[in-house]
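**Student:**
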Amino acid sequence: MTDHSEQTNKPHAEAWDSSRLKADPHADPEKASRVQRMFGAIAERYDLNNRLHSLGRDQAWRKRAVRMSMLNPSDDVLDVACGTGDLTEAFAKAGARTVQGVDFTPQMLDLARVKAQKRKRRSGAAAPEYHQGDAMDLQFSDASFDVLSIAFGIRNVTHPERAVAEFHRVLRPGGRVVILEFCEPGFAPMRLFNGFYCKRIMPLTASLIARDRSGAYHYLPRSVETFSDPAELSSLLASNGFEDLQQKKLTMGICAITVGHKQS
Numbered sequence: 001m002t003d004h005s006e007q008t009n010k011p012h013a014e015a016w017d018s019s020r021l022k023a024d025p026h027a028d029p030e031k032a033s034r035v036q037r038m039f040g041a042i043a044e045r046y047d048l049n050n051r052l053h054s055l056g057r058d059q060a061w062r063k064r065a066v067r068m069s070m071l072n073p074s075d076d077v078l079d080v081a082c083g084t085g086d087l088t089e090a091f092a093k094a095g096a097r098t099v100q101g102v103d104f105t106p107q108m109l110d111l112a113r114v115k116a117q118k119r120k121r122r123s124g125a126a127a128p129e130y131h132q133g134d135a136m137d138l139q140f141s142d143a144s145f146d147v148l149s150i151a152f153g154i155r156n157v158t159h160p161e162r163a164v165a166e167f168h169r170v171l172r173p174g175g176r177v178v179i180l181e182f183c184e185p186g187f188a189p190m191r192l193f194n195g196f197y198c199k200r201i202m203p204l205t206a207s208l209i210a211r212d213r214s215g216a217y218h219y220l221p222r223s224v225e226t227f228s229d230p231a232e233l234s235s236l237l238a239s240n241g242f243e244d245l246q247q248k249k250l251t252m253g254i255c256a257i258t259v260g261h262k263q264s
């Protein structure tokens, strides 16, 4: 795990250059440290870029993920790869009993904690708690949560199969895993438009807004096109013991929510 002080001193150190992105970024032996360094570099303007480049849809996608979780007031929620806490806060607002957020980038967690402190909450509502950690080695006991979510994070994990096994371990019987992730649209005209936007326009404008030289917004489209498609993600969940799988594609197929249940 990259040293926090080193990241602070070199916030824009290049994580992904063009030669590395020509290959499969998921096969890079230094993927974990590169992803962590990348998110540290873009943390400050991460939310702004999300709102602008999704035209505000990213928050609607998160709200849909919360609805598909079938949240109950007695549920304990773990949001993995929580970033600045948008989905974590959405679960808290929806009335979860407790909400924990885990991310392995300190700069993201710093922003999430500030957001949590500023948020106005109704009386008795639980505020999220945040922890630095690794999706492949969650520091929680078996059967600790009723819902586990991860938004736009599973493709950034070095070994997604290890993370999914951990998700199953920390969920209680009957618990739900909710994965929100980008994918390539099946409708050809939309796939062409989305590819042009994500590869030609968004990397330039987002990098300018974030003042980023880490390569984060060039990594993003490349990491999507080389990651598993939604059907493969469903198969990964099934092979790790999840059942009653549901999947919903959103905004003409540019992202999908996949839900699986741990056997009761």
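According to this note's numbering, the sequence shown is numbered sequentially starting from 1. We put the beta carbon where it would ideally sit given N, CA and C, even for glycine. If you're wondering where the values come from, they're calculated on a predicted model, not measured in any experiment.
Please report the distance separating the alpha-carbon of Cys183 from that of Ala127.
**Tutor:** The count along the sequence shown starts at 1 and reaches residue 183 at position 183. The count along the sequence shown starts at 1 and reaches residue 127 at position 127. Distance between the alpha carbons of Cys183 and Ala127 is about 31 Å.
**Student:** Are there 16 or more other CB atoms within 10 angstroms of the CB of Ser141, so buried, or fewer, so exposed?
**Tutor:** Here residue 141 refers to the residue found at position 141 of the sequence shown. Exposed is the call here.
**Student:** Once the 5 residues before and after Asn49 are set aside, which same chain residues still bring their CB inside 8 Å of it?
**Tutor:** Within the sequence shown, residue 49 is the residue found at index 49, counting from 1. Closer than 8 Å at Cβ, skipping near neighbours: Ile42, Ala206, Ile209, Ala210, Tyr217.
**Student:** Ile257 by DSSP, collapsed to three states: which one?
**Tutor:** Here residue 257 corresponds to residue number 257 of the sequence shown, with the count starting at 1. Residue state, collapsed to three classes: strand.
**Student:** Candidates Phe193, Pro230, Ile179, Lys262: which alpha carbon is nearest Arg64's?
**Tutor:** Here residue 64 is taken as the residue at index 64 of the sequence shown, counted from 1. That would be Ile179, whose Cα lies nearest to the Cα of Arg64.
**Student:** Kindly indicate the opening and closing residues of the alpha helix (DSSP H) around Gln139.
**Tutor:** Within the sequence shown, the letter at position 139 stands for residue 139. Run containing Gln139: none; DSSP gives neither H nor E here.
**Student:** Can you tell me which of the three DSSP states Phe182 falls into?
**Tutor:** By 1-based counting over the sequence shown, the position of residue 182 is 182. Strand at Phe182.
**Student:** Kindly list the residues whose CB is nearer than 7 Å to the CB of Glu14, restricted to its own chain and excluding five residues on each side of it in sequence; keep chain order.
**Tutor:** Numbered from its first residue, the sequence shown carries residue 14 at position 14. Correct list, in chain order: Arg213, Ser214, Gly215.
**Student:** Applying the 10 Å Cβ sphere with the 16-neighbour rule, what's the burial state of Ile201?
**Tutor:** One-based indexing of the sequence shown puts residue 201 at position 201. Classification for Ile201: exposed.
**Student:** Go through its chain and collect everything with a Cβ distance to Thr8's Cβ below 6 Å, but skip five positions before and after it.
**Tutor:** The residue you call residue 8 lines up with position 8 of the sequence shown. Residue placement at Thr8 cannot be trusted, given a pLDDT of 40 that sits under 50; what the coordinates show is reported in the next sentence. Excluding sequence neighbours, Thr8 sits near nothing in its chain.
**Student:** CA-CA distance, Glu181 and Ser223?
**Tutor:** Looking up residue 181 in the sequence shown gives position 181. Looking up residue 223 in the sequence shown gives position 223. Roughly 11 Å between the two C-alpha positions.
**Student:** By DSSP, does Thr84 sit in helix, in strand, or in coil?
**Tutor:** On the sequence shown, residue 84 is found 84 positions in, with the first residue counted as 1. Of the three classes helix, strand and coil, the one that applies to Thr84 here is coil, per DSSP.
**Student:** Do Gly174 and Leu148 have their C-beta atoms closer together than 8 Å?
**Tutor:** If you number the sequence shown from 1, residue 174 lands on position 174. If you number the sequence shown from 1, residue 148 lands on position 148. Cβ atoms of Gly174 and Leu148: not closer than 8 Å.
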